[in-house]
Amino acid sequence: MHFLNALSIALVSLVAAAGAAPHKGWQPKATNCPLDKAVLPQVTDFQPGAKNLSPPSVANKVPTRVVLGKGTQNYTCAGNTAADMPAAYGAHALLYDVSCLAQYKPELLHKIPDHVYALPENMAEYCSDELSEFVRDNVQVGEHLFTTMTTPVFTFRGGKDIFYGKKMEGVSAPSRAAQGKNGAVDWLKLDSIAGTHGFKEVYRVVTASGKAPATCEGQKPEFEVPYAAEYWFYN
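Using mature numbering (1 follows the signal peptide of the UniProt record, and there is no 0), the letters of the sequence shown map in sequence onto residues -20 to -1, 1 to 215.
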């Protein structure tokens, strides 16, 4: 079911992102769209009265990249009893270009994390490969990982763009977000630190799943929780 949902959304995005009906010489487009009309989502878009992240502090409010991250939030447990609490241990996700959806069909984009967070990684990569072949461009454009437990990194193919960050703000995900087993991870605002090239700030928004269980009871010393989220980059 998750596979069919994800594939359906991806195929619909091709037509939606084209901005017009097919015509002679038309080529499907799913990546590298302009972002001058893209608007950073707010928690209050989904849950009126909730707390929002502060807006981008950069002068240019047009994002330089919008990607979908799909992977895992990682945790450790010192023990496996109800008295032991999980500790965050970074994350890992593949990044997919969703600029065309952010520009032309944001309402469709914001539904994707809920549909794909639990999709097995091999199926997600298969969808990406098939879509890339169809549009003749790479949909998978980068990777998200941590160099330390507190330093998120975003790397991108085919260029010098890289982001090393630190958390500046966090707010709870809206109650309607896909919860998974334990809840959706917070929305975040990250600021750049030394080593960054091409970006100033990154937002993690429209999150689905990813939270750790309340205790380590029954857990392994290291475990992963699937998640998905949108990442918006500004410079």
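Glycine included, every Cβ here is placed at the ideal spot set by N, Cα and C.
By the Cβ test, the segment 93 to 101 is in contact with the segment 194 to 213, since at least three Cβ pairs between them sit closer than 8 Å. Secondary structure of A63 (DSSP, three-state): coil. Y76 sits in a strand when the DSSP states are folded into three classes.
Secondary-structure assignment with DSSP links K50 through a beta bridge to L74 and A208. Nearest C-alpha to F134 among V151, F213 and L89: F213. For L89, the enclosing alpha helix (DSSP H) covers residues P86 to L89. Under the three-state reduction of DSSP output, D166 falls in the coil class, being neither helix nor strand. Three or more beta-carbon pairs separated by less than 8 Å link the segment 23 to 31 to the segment 151 to 159, which places the two stretches in contact.
Secondary structure of V38 (DSSP, three-state): coil. For the pair of segments examined, the segment 117 to 131 was found to touch the segment 55 to 74: the number of CB pairs separated by less than 8 Å reaches three.
For V119, no beta strand (DSSP E) segment is defined, and its DSSP state is neither H nor E. V78 sits buried, since 16 or more C-beta atoms from the chains shown fall within 10 Å of its C-beta. Secondary structure of D16 (DSSP, three-state): coil. Under a 10 Å Cβ-count criterion, D94 is classified as buried, with 16 or more other Cβ atoms of the shown protein chains found around its own Cβ.
K200 counts as exposed, since fewer than 16 other beta carbons sit within 10 angstroms of its beta carbon. In the three-state DSSP reduction, T135 falls in the strand class (E or B). Leaving aside the five residues that flank F203 on each side, the residues in its chain whose CB is nearer than 7 Å to its CB run, in chain order, Y55.
DSSP, read as helix, strand or coil, puts T128 in strand. In the structure shown, the three-state DSSP call for A194 is coil. Between L170 and E181 the beta-carbon gap is near 7 Å, inside 8 Å, which marks them as a contact. Short of 8 Å from the beta carbon of T61, and not among the five residues preceding or following it, lie these beta carbons of its own chain, in chain order: T195, C196 and E197.
Following the DSSP letters along the chain, one finds V151 inside the beta strand (DSSP E) bounded by residues I142 to V151. Judged by their CB atoms, V165 and Q53 are nearer to each other than the 8 Å cut-off.
In its chain, beyond the 5 residues on either side, Y144, G145, K146 and I173 have a beta carbon closer than 8 Å to the beta carbon of T131.
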